[in-house]
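Written below as structure tokens is the structure these notes are about.
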């Protein structure tokens, strides 16, 4: 046998031996050939076929609602009878238009509002339990506030309502209002609901705690629940495969905390409806907010900076906005947001002033803000509502003369003298002082936490949660918390550092004295605060309060005059009362002639094409009656 033959035989034998081998040691020809099955498909009943390999190349197995809908988040134009609710994300799953799951949402189907099923877990999360003070902060009985002064000026102002009834309030919204344990409309709601329901623009001068959030949410949601999603006025622009949101309601507010609060209220009152609320703000992870608006974005609460960012990214279009709300409008301008606001309202694709309803709310409206309103509103009604908690039995003010070096020891005395069980909110001017004072209180065996602009969003939310739930009874805050926060059971506000602006002082003390409770406000005053002494005295005079004699002395002495030393001051209880100026002009400047003839009507031309034109007919409803006051003909 030659070497080639021997090698060939050996080679062939080896190949045959190897081909007959198996891992189990058996004969491959005898064992059936097995196919790999992914772990998630193993142990399936007979007849279940694994999906085709490759994943991306196979046909989609998603339900139609995940790839279509009414067109709010796709590049295809909306269909006439599309299922409502956040772009059809969870609706139109079947011919019946029912909800995909028991998620607390409804839908809009064939021109009808399909109320979603109850979700007990969501209901408990949104509305809490009866007598649960941590979640029932908005369930205020305002029966005793019927004498709060209200002034409504403008042409043909609708009559106020006295109860939540249908009409003008949608029946499903009334059921959510009852879940929130509202019993009677607040003064601002009594007027705003019929004003907005009549299609009028509104400028509301109302303090935080007066129910102004419901004042704009209730009439807007009533309209949306009754008439459904507005049709897109133009085909959606391509967004290169990314989902784009087309909200019908946009609410702008200056701070993360305030837009989050508005969003929380919107979640309550949109429960089981087709309207999907969303919120975006700076300082939070962008990806999570993008996923949220893709799930549904019919009512968007936003800070101006983050909204401009999302518009530039092509993720939000304002072309479908029919309701625009500017909350805390004066503070947004004070914080330097005017360029962003003007761009959003007048420089993007938002419908013009004649094709939308615009509502401006704030605690103060100085004359320059009212002058600016002519660029955003048309034939508006000016609504000025007296301060909730301004009656004498609600808030007791104490102004202490305290030098800076004595503030910590005096604060301990003040806290020790207060009744137990309530929450105390302490305002300071700097972030460093917020942390220092919080550490000092903790060192003194007093549970405390702090919030300010240098803390991360997660840290701020955690601190607020500790405070709301009463796990920490003292919160030290900078001005970031002075506006918009609505925390129940705050019984004491301490101005450890007085602000330099009297409006901020008014907002700060407004954190207490709510829901019929007795509130206390303590201010530490010294000569470093002389810049507000005249405004403070004027405020006390207008509110018919007792003015400490030493405060008048400081106001009258020269900048280099002598001084009071030590703690001193008045420990007496000067009380807030009346409903006067309270932090800024609340008078409609149109009645004073300061704006000139025709200044409050819509102007022709303007920034970004925001003026002129005719109403587009939001809901193609009946035209306004002849001789009416203008306003929208959306319904």
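Numbering (the UniProt record's numbering), first residue to last: 1 to 635. Glycine included, each C-beta is placed from N, C-alpha and C at the ideal position.
Query: Which listed residue (416, 509 and 252) has its alpha carbon closest to that of residue 324; Result: 252
Query: Counted within 10 angstroms of its Cβ, other Cβ atoms place residue 261 as buried (16 or more) or exposed; Result: buried
Query: Helix, strand or coil at residue 495 according to DSSP, with G and I counted as helix; Result: strand
Query: Residue 277 classed as buried or exposed, judged by whether at least 16 other C-beta atoms fall within 10 angstroms; Result: buried
Query: Simplified DSSP assignment, three categories, for residue 218; Result: helix
Query: Residue 187, DSSP secondary structure in three states; Result: helix
Query: Local Cβ density within 10 Å of residue 201, reported as buried at 16 or more and exposed below that; Result: buried
Query: Contact belief for residue 513 with residue 395 at Cβ below 8 angstroms, rounded distance in angstroms; Result: 4 angstroms
Query: Limits of the beta strand (DSSP E) - the one that residue 357 falls within; Result: 357-362
Query: For residue 112 and residue 180, believed in contact at Cβ under 8 angstroms, the rounded distance; Result: Residue 180 to residue 112, Cβ: 25 angstroms. No contact.
Query: N-terminal and C-terminal residue of the alpha helix (DSSP H) that residue 397 is part of; Result: No alpha helix (DSSP H) contains residue 397, which is instead part of the beta strand (DSSP E) from 395-401.
Query: DSSP state of residue 318 mapped onto helix, strand, coil; Result: coil
Query: Residue nearest to residue 522 in terms of C-alpha spacing, selected from 211, 353 and 510; Result: 510
Query: Opening and closing residue of the beta strand (DSSP E) in which residue 327 lies; Result: 323-327
Query: Residue span of the alpha helix (DSSP H) that contains residue 286, given as start and end; Result: 286-295
Query: Nonlocal neighbours in the same chain, by C-beta distance under 6 angstroms from residue 467, ignoring five residues either side; Result: 475
Query: For residue 232, three-class secondary structure by DSSP; Result: coil
Query: Residues near residue 404 by beta carbon distance below 6 angstroms, same chain, minus five either side; Result: none
Query: DSSP bridge partner residues for residue 473 (one or two, in chain order); Result: Residue 473 pairs with nothing; no bridge assigned.
Query: Residues near residue 23 in its chain [Cβ-Cβ closer than 8 angstroms; skip 5 each side]; Result: Unreliable placement is indicated for residue 23, whose pLDDT of 45 sits below 50; the coordinate value is still reported in the next sentence. Contacts found: none.
Query: Close beta carbons around residue 377, own chain, < 6 angstroms, minus the five adjacent residues each side; Result: 201 and 358
Query: Run of the beta strand (DSSP E) containing residue 312, from where it starts to where it stops; Result: From DSSP, residue 312 is part of no beta strand (DSSP E) but of the alpha helix (DSSP H) over 304-312.
Query: Residue range of the unbroken beta strand (DSSP E) whose run includes residue 251; Result: 249-252
Query: Collapsed DSSP secondary structure at residue 467 in the structure displayed; Result: helix
Query: Sequence-distant residues of the same chain with beta carbon closer than 6 angstroms to residue 442, five excluded per side; Result: 448
Query: Three or more C-beta pairs below 8 angstroms linking the segment 331-349 and the segment 186-205; Result: no
Query: Given residue 529 as reference, the closest of 227, 336, 415 and 401 once Cα atoms are compared; Result: 401
Query: Per-residue burial, residue 556 [other beta carbons within 10 Å of its own, 16 or more giving buried]; Result: exposed
Query: DSSP-derived helix/strand/coil call for residue 112; Result: strand
Query: Beta-carbon contacts of residue 674 that lie in its chain and below 8 angstroms, excluding the five residues immediately before and after; Result: Only positions 1 to 635 of the chain appear in the structure, and residue 674 is not among them; the question remains open.
Query: Residue closest to residue 341, alpha-carbon to alpha-carbon, out of 374, 363, 307 and 399; Result: 307
Query: Residue nearest to residue 121 in terms of C-alpha spacing, selected from 363, 458 and 104; Result: 104
Query: For residue 265, three-class secondary structure by DSSP; Result: helix
Query: From 203, 163, 430 and 310, residue whose alpha carbon lies closest to that of residue 185; Result: 163
Query: Among 272, 271 and 283, the one whose alpha carbon lies nearest that of residue 257; Result: 283
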